[in-house]
Structure formats: C-alpha cells, structure tokens
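Reading the sequence shown from the start, the letters are residues 1 to 95 in UniProt numbering. Cβ atoms here follow ideal geometry from the backbone N, Cα and C, with glycine treated the same way. Since the model is a prediction, treat every value here as computed from it, not as a measurement. Scroll down for the structure; my scribbles are underneath it.
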Amino acid sequence: MDLEKIITENQGTIIDVRSYAEFMGGHVVDSINIPLNEIPERIDEIKNIKTPIILCCASGNRSGQAQHFLSQQGIECYNGGSWLDVNYYKSQATK
Numbered sequence: 001m002d003l004e005k006i007i008t009e010n011q012g013t014i015i016d017v018r019s020y021a022e023f024m025g026g027h028v029v030d031s032i033n034i035p036l037n038e039i040p041e042r043i044d045e046i047k048n049i050k051t052p053i054i055l056c057c058a059s060g061n062r063s064g065q066a067q068h069f070l071s072q073q074g075i076e077c078y079n080g081g082s083w084l085d086v087n088y089y090k091s092q093a094t095k
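Right, dumping it as structure tokens:
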C-alpha cells in the first residue's frame, strides 16, 4: 500500500519513536509516542493496533530500526521517515 495514501486518508496509526522530550517539542497530530527503546516492552500494545502502523522520528533512522524489529514480529508497519514529512502528508489529509 502507498504510504502517502495511508496517511492522507487517515487509514493508519502514526507512532513517533523519538524520545518524550523530542516528541513534546513538536509532533504529528494524533500520533502516539513510543520511544525506540520502549518498543520491545510495548510489543503487545503495538500488536493490538488494528490499522497499518506508520513509524516516524527525526530523520528516519530510528523509525527504520523500529520498522525492522516490528516486521520481524509479523506486524504490518512502514517507515515514514522524518516526522516533518509525515506531518506534511497528514496536513493534506481528507477531512
């Protein structure tokens, strides 16, 4: 599925894997903050998300690591890269 389409049509759940402090400095509206180091211990919570997961961070590096780990757990997820890019697509969302 097309990542941009998932975001603009509000079909996914956005998880920001930056630290809490980074997240509080600015984030995508309605995104969830699960710092990268907490991903393994919150795997059950993540598995309960029924929509495709879009991961983001500052540059795409940490979200790429999270995407690799979650994919190995059988979870459908996408690396959205920078939260600023995801935020741009979200701003184009159909209301």
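Under DSSP, residue 15 shares a beta bridge with 32 and 55. In this structure residue 66 touches residue 36 by the C-beta definition: roughly 6 Å separates them, less than 8 Å. Taking C-beta atoms as the reference points, residue 33 and residue 44 fail to come closer than 8 Å.
The three-state secondary structure of residue 48, taken from DSSP, is coil.
Closest by C-alpha distance to residue 23, out of 79, 83 and 93, is 83.
Take residue 76, set aside five residues on each side of it, and the residues of its chain with a beta-carbon closer than 6 Å to its own are 52, in chain order.
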